[in-house]
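Take a look at the structure below.
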Amino acid sequence: MDRFAQTSHTTVLMELTPVQKVSRNQSTSSSMKAKSKVNSEVVDTASGSQLRRVSIEETLTNEERKSVNTRPATGPSAGTKSREQKFTGRIQFLSLCFTLFLAGWNDGTTGPLLLRIQEVYHVNFTVVSLIFVLACTGFLAGALANIHLTEKIGFGKAVALGSVFQIVAYSIQCSAPPFPLFVIAYAINGVGVALQDAQANGFVATLSNNPESKMGILHAAYGLGAFAAPLVATQFAHLPRWSFHFLVSLGLSVLNTICLVAIFRFKPQNECLLEAGEVVPEKSAVQEEQTRTQNTFGLVMRNRSVHLIAFFILVYVGVEVTIGGWIVTFIIDERNGGPSAGYISSGFFGGLTVGRVLLLWVNKKVGERRVLFIYGALCFALEFVIWFVPSLIGNAVAISIVGVLLGPMYPIVMNQASRILPRWILTGSIGWIAGFGQAGSALFPFITGAVAERHGIKSLQPLLISMMGLMLGLWALVPNAPARLD
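Each position in the sequence shown, counted from 1, maps to that position plus 2 in the numbering used here.
Here's what the structure looks like:
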């Protein structure tokens, strides 16, 4: 069959005689090997000639078709970004890194302040663990709300709304209110963190230029915040005005809100991506029909891979925050650590940050799926060392190395999600995964506190080992499908 190259998307009607057909085939036979066969329609007429309807897509190579299909009508291609677009992209990415820094700061704050909160409010392990229960409630509420908010108000407004929730929470906590109000603020904060975490992960996952490395850097920013928070919180834990630590958190959250509003200006995600010169794929007819007949929430909730990844992240974040939140208490009670034991939590989160950046090359060399099992096995071994070797210094070093090994896991899983999930539900899916997973930062520390109240904080290590085993089992169930087809 013959092909004619067209210069626009307009469909053109041409009539060919048998002689013209042979001539044209001879002149174009070499070039037609690379052309695609799509959108053709042949109509036989009474005179025996053929009328052929040819669209531009017939005459494009596979790579050219991909470029056309993934480029919006007004958007540039990824390879032709201007200097201004590149600058805009960097500023957007850095603002989201600061958002994740604040999420890490929030999670890293609890551990060093936990004993002081017990002392001030005169509560035991179980009651103080209500902090984690209320935070869990907030995270789950934020994760569910995120799917609807993404559709209704868009990325820019949803992420800014999340930052406002954090401002409200820290404004309550900085005055050290009665314990019920203090823990309710954790629920408000949980909604805010879940919204921002979901939107930031969804945004970075759709970037076209090296998203795997950027996802690692994004979560290294989380680790940096979780590393910095205990350094500050440990100082406030020994001051009469211990709750003034939340004034620092309040200042950071106000700055975060200003940055998000100034940079994204309440705009939808696709509009922000276009400003940075990113390619925004258009939905196919099948995808349009699916999203028309079924809402995004239904599509996300019916996807098995989404739930497997979400439960993995739930357990992973639970392990991460349980170590950061309870390891200080373990070191003080079981290893006779002094007032400076809070810095061990910083060592763990510092390792988390380092691992997410320095191990990027290892992930690529070994393969992300395989290397996660290796990191998990090494964490297992180190947790047994912490459990059975009663050495303060040895435990501190082992905890930091566990942080290094746990660090790359979260971005690896988010990268896998972006590879195996349909793109048109990717933002909603990653939002649910991140928000639901964030509930692990409340659920598992609460379980740990409840068990510790009955059996002592020495139960921390066997609990962590059990959680890690569950985590690796879930990872084995996550599909290892090829890149998704949009």
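No residue lacks a Cβ here, since even glycine has one placed at the ideal position from N, Cα and C.
Bear in mind that the values here come from a model prediction, so they are computed numbers and not experimental data.
Buried or exposed by the 16-neighbour rule on C-beta atoms within 10 Å, applied to residue i
i: G475; result: exposed
i: A230; result: buried
i: W477; result: buried
i: F375; result: exposed
i: P481; result: exposed
i: G458; result: exposed
i: S468; result: exposed
Three-state class that DSSP yields for residue i in the structure shown
i: T208; result: coil
i: V263; result: helix
i: P182; result: helix
i: P78; result: Caution applies to P78, whose pLDDT of 49 falls short of 50 and renders its modelled position unreliable; the value that the coordinates give is listed next. Residue state, collapsed to three classes: coil.
i: R73; result: Because R73 sits at a pLDDT of 41, beneath the cut-off of 50, its placement in the model cannot be relied upon, and the point is left open.
i: C176; result: coil
i: S402; result: helix
i: R243; result: coil
i: K37; result: Note that K37 scores a pLDDT of 40, beneath 50, so its modelled location is shaky; the value from the coordinates is reported in the next line. DSSP places K37 in coil when its eight states are reduced to three.
i: L423; result: coil
i: F438; result: helix
i: N272; result: helix
i: P484; result: Only weak support exists for where P484 lies, its pLDDT of 45 falling under 50; the value from the coordinates is given anyway. Correct three-state label for P484: coil.
i: I190; result: helix
i: N203; result: helix
i: E277; result: helix
i: V282; result: coil
i: S431; result: helix
i: N126; result: coil
i: S393; result: coil
i: G253; result: helix
Nearest residue (CA-CA) to residue i, options the options
i: G265; options: Q463, F157, L374; result: In the sequence on display, residue 265 carries Ile and not Gly. Checked all of Q463, F157, L374; the closest Cα to I265 is F157.
i: R243; options: G110, V319, P179; result: P179
i: G204; options: M303, A228, G471, L423; result: L423
i: L465; options: G396, A343, A230, E385; result: E385
i: S402; options: I414, G344, A454, A441; result: G344
i: R306; options: A419, F134, A452; result: A419
i: C99; options: L407, A202, L142, V125; result: A202
i: G442; options: V170, F134, E455; result: F134
i: N365; options: S347, Y224, L276, Y412; result: Y412
i: I93; options: Y172, S131, G279, D335; result: G279
i: L479; options: L262, V415, S468, G451; result: V415
i: L360; options: G326, A379, L407; result: L407
i: R372; options: Q440, P410, P341; result: P410
i: I427; options: E121, F446, M303; result: M303
Where the alpha helix (DSSP H) containing residue i begins and where it ends
i: V302; result: 298 to 303
i: C381; result: 370 to 390
i: L233; result: 213 to 238
i: E322; result: 306 to 336
i: L115; result: 85 to 123
i: P464; result: 462 to 479
i: N148; result: 132 to 154
i: V356; result: 344 to 360
Chain-order list of residues whose beta-carbon lies under 6 angstroms from that of residue i (same chain, five-residue window excluded)
i: L462; result: W328, F332
i: A145; result: A196, W434, G437, F438
i: F181; result: Y123
i: I190; result: F167, V170, A171
Residues near residue i by beta carbon distance below 8 angstroms, same chain, minus five either side
i: K216; result: F95, V206, L209
i: C141; result: The residue you asked about is not Cys; residue 141 is Phe in the sequence shown. Taken in chain order, the residues that qualify are G192, V193, V195, A196, G437, F438, Q440, A441, S443, A444.
Sequence-distant residues of its chain with Cβ nearer than 7 angstroms to residue i (five each side left out)
i: V453; result: S461, L465
i: R337; result: P392, L394, N397
i: T259; result: A162, S165, V166, I169
i: F299; result: I149, H150
i: D109; result: A228, V323, G326, S443
i: G339; result: I333, L394
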